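In the working numbering, the protein residues as written are 452 to 718.
Okay, so here's the structure we're looking at.
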Amino acid sequence: MNGHVQFEEDFELYALGVLDGDDKAAAEAHLAGCTECRAKLAVARGRMALLGMAAPSIVPDPQVRERVLQDFRLRRGSALPLPTVTPIRYRRSRWAPLWAMAAVVLLAGAGWLRFENGRLSRELADLEAEHQQLVENNRQFAAEAARAQAALEVLTAPETVKVELVAGAARPVPQGKAFYNSSRGLIFYATNLAPLPASRTYELWLIPSQGAPVGAGLFNSDAHGNGEVVLPSLPRGLTAKAFAVTIEPAGGVPAPTGPKVLIGAAS
């Protein structure tokens, strides 16, 4: 226990200017030689400043102000002596330190609520991002499911034409299979295809019964020589006479120019 505990409850009263008489003199004498208590007094003044800024401003009633000024003019004009004002001695209240402590607790609570609000806002943003990711995943899943259903309908429809495409003397022999439905679309698979340089690509062609070949999609073979074209964008209602695969420049061409790798007639 230090030797200046008795002054700690006076800091708020001293900061407010309501400590007077012997109490004020004793406090000032102690503060003059105690660095620790001067620091506590500075903290108390800060608390009082915060409370002062938080207090609502009060505008005096204009009528009351006018009556006070009128009374002052009458007294000055009649040379009446001003009433003697007896200084009011504020007695130190035992509740003052409790009110000051309550103010500090309220300020700390406000800071904590601000921190919690920020944390909850961040959590809400994270949950919203996760929700958007789930929505996007569901959209992609639905698109893939619809694509798989469409491919299944092409493969199983009774009017689908099955075309086998083969090569000549290459070993192992490249092969391709096309499943074409003029109203539903095209599915094509190839095997044993040689890898191509980055500047070249395989291009699939639908050769209609009338007119020029129609580009049906670009593809490259994987490490096992497999390639595919699934449900390319084609004009509806074309009657296929044959299918072919050529080697073309990367990006494809509007009409076949390279060597034919696979070709097959539609029955």
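No residue lacks a Cβ here, since even glycine has one placed at the ideal position from N, Cα and C.
It should be emphasised that the depicted structure is a prediction, and the values quoted were computed from it without experimental measurement.
Residue i (DSSP reduced to helix, strand or coil)
{"i": "G676", "result": "coil"}
{"i": "E610", "result": "coil"}
{"i": "G668", "result": "strand"}
{"i": "A594", "result": "helix"}
{"i": "V704", "result": "coil"}
{"i": "T652", "result": "strand"}
{"i": "L685", "result": "coil"}
{"i": "A576", "result": "helix"}
{"i": "A601", "result": "helix"}
{"i": "T697", "result": "strand"}
{"i": "L647", "result": "coil"}
{"i": "A495", "result": "helix"}
{"i": "A554", "result": "helix"}
Expected contact under 8 Å - CB spacing of residue i and residue j to nearest Å
{"i": "S634", "j": "R687", "result": "6 Å"}
{"i": "L637", "j": "L682", "result": "7 Å"}
{"i": "A691", "j": "Y631", "result": "5 Å"}
{"i": "W656", "j": "P707", "result": "6 Å"}
Exposure label - residue i; buried when at least 16 CB within 10 Å
{"i": "L533", "result": "Confidence at L533 is low in this model, with a pLDDT of 48, below 50, so the placement of that residue is unreliable and no value is reported for it."}
{"i": "W563", "result": "exposed"}
{"i": "V536", "result": "Reliability fails at V536, whose pLDDT of 48 lies under 50, so the model's placement of it is uncertain and no value is given."}
{"i": "G715", "result": "buried"}
{"i": "F639", "result": "buried"}
{"i": "P609", "result": "exposed"}
{"i": "T611", "result": "buried"}
{"i": "E587", "result": "exposed"}
{"i": "V614", "result": "buried"}
{"i": "V680", "result": "buried"}
{"i": "T607", "result": "exposed"}
Cβ-heavy atom distance, residue i to the ligand ATP, below 7 Å
{"i": "D673", "result": "Among the components of this structure there are no ligands whatsoever, and the ligand ATP is therefore not found."}
C-beta contact flag for residue i and residue j at 8 Å
{"i": "N677", "j": "T642", "result": "yes"}
{"i": "A667", "j": "L685", "result": "yes"}
{"i": "P625", "j": "L713", "result": "yes"}
{"i": "G709", "j": "L669", "result": "no"}
{"i": "A629", "j": "L616", "result": "yes"}
First through last residue of the alpha helix (DSSP H) which encompasses residue i
{"i": "A476", "result": "472-483"}
Segment limits, beta strand (DSSP E) that includes residue i
{"i": "N741", "result": "Residue 741 lies beyond the range of the chain shown here (452 to 718); nothing can be said about it."}
{"i": "T642", "result": "636-642"}
{"i": "L713", "result": "711-716"}
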